[in-house]
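Using UniProt numbering, the first residue of the sequence shown is number 1, and each one after it goes up by one.
From the three backbone atoms N, C-alpha and C, an ideal C-beta is built for every residue, glycine too.
Model, not experiment: these values are computed from the prediction.
Right, one structure below, let's go through it.
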Amino acid sequence: MAAQRDTADILDSALRVREAARSATAGAAGVDTVLTALSEVVEHDHASLSRWDPRRRRHTTLAGSYPEDATAYIETRLHQDPVFPVMRSPARGGVWLGDVPERLLAASPGFRDVLSPLGVEDGVAQCLFAADGRYVGMLNVSVRRRLRTPDPARAVVTLLTESLAAAVASCPAPPAEAAAPAPGPAAGPGGLSPREREVLAELSAGRTNRQIAERLYITPRTVGTHVEHILAKLDVPNRAAAAARAAGWGIEPTR
């Protein structure tokens with residue numbers, strides 16, 4: 001069973017998300033760093049930040065780890081999904097999948113044809129609005145398990161929307177022909193998230209949870225949660241086996 005994070009851990013992680021979003025807004029870092037930090041708030045299997053292009057009437061992915069077909073749906077069809085008007089209401093927080101009525105999910109091609117085949121059981125779609133009220137894009141997070149309720153991460157994601165919106169609105173969009181990311185490291189070997197790959201790299205060097213925590217600026221408890229998820233996703237019995245898998249993939253610490 002994964003270790004439960006307390007509210008203090010999640011709030012500390014939220015501060016790192018806000019700092020990453022500020023760096024992205026200032027042009028000092030990419031939006032991908034925001035998603036990496038966000039994985040400490042909501043443990044997820046897939047996530048993306050996309051910007052709304054009102055002239056082309058579509059979303060453009062700025063950073064993400066969804067498979068190509070799911071990314072294409074988010075970019076070109078999500079705004080036509082029956083669930084989207086519910087998500088886009090400024091008065092509402094994010095729409096968590098576990099809270100959507102079954103009848104609405106049954107009418108949603110996004111859930112039926114995209115998320116369900118991925119094994120997604122929970123997550124959030126959070127529309128982002130600029131300070132002047134303009135819709136600028138959205139955050140999508142998907143998890144292949146049910147999240148515990150209530151979860152302080154739910155409230156934290158809502159509180160982070162202003163910072164996320166500023167980062168999305170200020171980030172230069174990639175060229176149209178490169179809007180859908182090609183399969184590669186973002187998707188992760190073994191289905192690992194960006195942060196899980198970082199932890200796996202540290203495992204390959206034989207470091208303890210405390211040493212990994214110090215190097216990645218996270219708590220040892222969070223490292224332990226990541227290690228449990230890594231072992232489960234890679235279907236290996238222990239850290240040594242995970243490290244061997246990392247060596248086979250050429251994954252190693254970058255610093």
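* Delimiting residues of the alpha helix (DSSP H) encompassing A45 -> Working through the sequence shown from its first residue, we reach residue 45 at position 45. Looking at the sequence itself, residue 45 is Asp, so the reference to Ala does not match. No alpha helix (DSSP H) holds D45; DSSP gives it neither H nor E.
* Beta-carbon proximity check, I74 vs N140, cutoff 8 Å -> Translated into positions along the sequence shown, residue 74 becomes position 74. Translated into positions along the sequence shown, residue 140 becomes position 140. Result yes, Cβ atoms of I74 and N140 sit closer than 8 Å.
* Please work out which residues of its chain come closer than 6 Å, Cβ to Cβ, to residue 264, disregarding the five sequence neighbours upstream and downstream, and give them in chain order. => Outside the shown range of the chain (1 to 255) lies residue 264, about which nothing can therefore be said.
* Length of the line joining the Cα atoms of V236 and H226 -> In the sequence shown, residue 236 corresponds to position 236, counting from 1. In the sequence shown, residue 226 corresponds to position 226, counting from 1. Their Cα atoms are separated by approximately 14 Å.
* Asked: When DSSP labels each residue in this structure, what does V95 get in the three-state scheme?
  -> As a position in the sequence shown, residue 95 is number 95, starting the count at 1. If DSSP states are grouped into helix, strand and coil, V95 belongs with the strands.
* To do: For the UniProt domain "HTH luxR-type" (185-250), list the alpha helix (DSSP H) runs that are entirely contained and at least 4 residues long, ordered along the chain.
  => The qualifying runs are 194-204, 209-216, 220-234, 239-249.
* Ignoring anything shorter than 4 residues or poking outside the stretch 41-91, list the alpha helix (DSSP H) runs there in chain order. => Annotation note: the stretch 41-91 contains the following uninterrupted alpha helix (DSSP H) runs of length 4 or greater, listed N- to C-terminal: 68-76, 84-87.
* Asked: Is S163 helix, strand or coil by DSSP?
  -> Sequence index remark: in the sequence shown, residue 163 carries index 163 (1-based). Looking at S163 - three-state DSSP - the assignment turns out to be helix.
* Asked: Closest by CA to Q126, which one among S89, K233, R18, H46?
  -> The sequence position of residue 126 within the sequence shown is 126, counting from 1. Of the listed residues, the one whose Cα sits closest to Q126 is S89.
* To do: For L38, collect the residues of the same chain with a Cβ closer than 7 Å to its Cβ; drop the 5 residues on either side in sequence, then sort them by chain order.
  => Position 38 of the sequence shown holds residue 38. Excluding five sequence positions before and after L38, the CB atoms of its chain that fall closer than 7 Å to its own CB belong to V17, A47, given in chain order.
* To do: Would you kindly work out how many angstroms separate the C-alpha atoms of R210 and R197, rounded to a whole number?
  => Locating residue 210 in the sequence shown gives position 210, counting from the first residue. Locating residue 197 in the sequence shown gives position 197, counting from the first residue. One alpha carbon belongs to R210, the other to R197, and they sit about 17 Å apart.
* Asked: Do T60 and P194 have their CB atoms nearer than 8 Å?
  -> Here residue 60 corresponds to residue number 60 of the sequence shown, with the count starting at 1. Here residue 194 corresponds to residue number 194 of the sequence shown, with the count starting at 1. No, they are not a contact pair.
* Asked: Going by beta carbon distance, what residues of the same chain come within less than 7 Å of K233, once the five residues before and after it are set aside?
  -> One-based indexing of the sequence shown puts residue 233 at position 233. Excluding positions up to five away in sequence, the list reads G190, G191, L192.
* Within 10 angstroms of its Cβ, does A26 collect 16 or more other Cβ (buried), or is it exposed? -> As a first step, residue 26 must be located in the sequence shown, where it is residue number 26. With fewer than 16 other Cβ atoms within 10 Å, it is exposed.
* Asked: Does the count of Cβ pairs from the stretch 155-174 and the stretch 105-122 closer than 8 Å reach three?
  -> A contact is defined here as three or more CB-CB pairs under 8 Å, and the stretch 155-174 fails this definition with respect to the stretch 105-122.
* Inter-residue Cα distance where the pair is T161 and E43 -> For the purposes of this step, residue 161 is taken as the residue at position 161 of the sequence shown. For the purposes of this step, residue 43 is taken as the residue at position 43 of the sequence shown. The straight-line gap separating the alpha-carbon atoms of T161 and E43 is approximately 17 Å.
* Since A165 and L128 are thought to touch, with beta carbons under 8 Å apart, how far apart are those beta carbons, to the nearest angstrom? -> Counted from its first residue, the sequence shown places residue 165 at position 165. Counted from its first residue, the sequence shown places residue 128 at position 128. With a Cβ gap of about 4 Å, A165 and L128 count as contacting.
* To do: Spell out the partners DSSP gives G137 in its beta bridges.
  => As a first step, residue 137 is located in the sequence shown; it is residue number 137 there, counting from the start. Residue pairing of G137 in beta bridges, as defined by DSSP: R51, L128.
* Bounding residues of the alpha helix (DSSP H) (the contiguous stretch that carries D9) -> In the sequence shown, the residue the question calls residue 9 occupies position 9. Boundaries of the alpha helix (DSSP H) around D9: 7-25.
* Within the same chain, show all residues whose beta-carbon is closer than 7 Å to that of T7, passing over the 5 residues directly before and after it, in chain order. => Taking the first residue of the sequence shown as position 1, residue 7 is located at position 7. These residues qualify, in order along the chain: P152.
* S13 to R148, Cα distance in whole Å? -> Counted from its first residue, the sequence shown places residue 13 at position 13. Counted from its first residue, the sequence shown places residue 148 at position 148. Their backbone Cα atoms lie some 18 Å apart in a straight line.
* Status (buried if at least 16 other CB within 10 Å, exposed otherwise) for G250 -> Residue numbering aside, residue 250 sits at position 250 when the sequence shown is read from its first letter. The residue in question, G250, is exposed, as its Cβ has fewer than 16 Cβ neighbours within 10 Å.
* Using a Cβ-Cβ cut-off of 6 Å (strictly less than) and excluding sequence neighbours within five positions of A186, which residues of its own chain qualify? -> Along the sequence shown, one-based indexing puts residue 186 at 186. Reliability of the predicted coordinates at A186 is poor, the pLDDT of 43 falling under 50, and the value obtained from them is presented with this limitation in mind. Result list for A186: S65, in chain order.
* Between the Cα of D45 and the Cα atoms of P253, I230, D53, L200, which residue gives the shortest distance? -> Counted from its first residue, the sequence shown places residue 45 at position 45. When the alpha-carbon of D45 is set against those of P253, I230, D53, L200, the nearest one is in I230.
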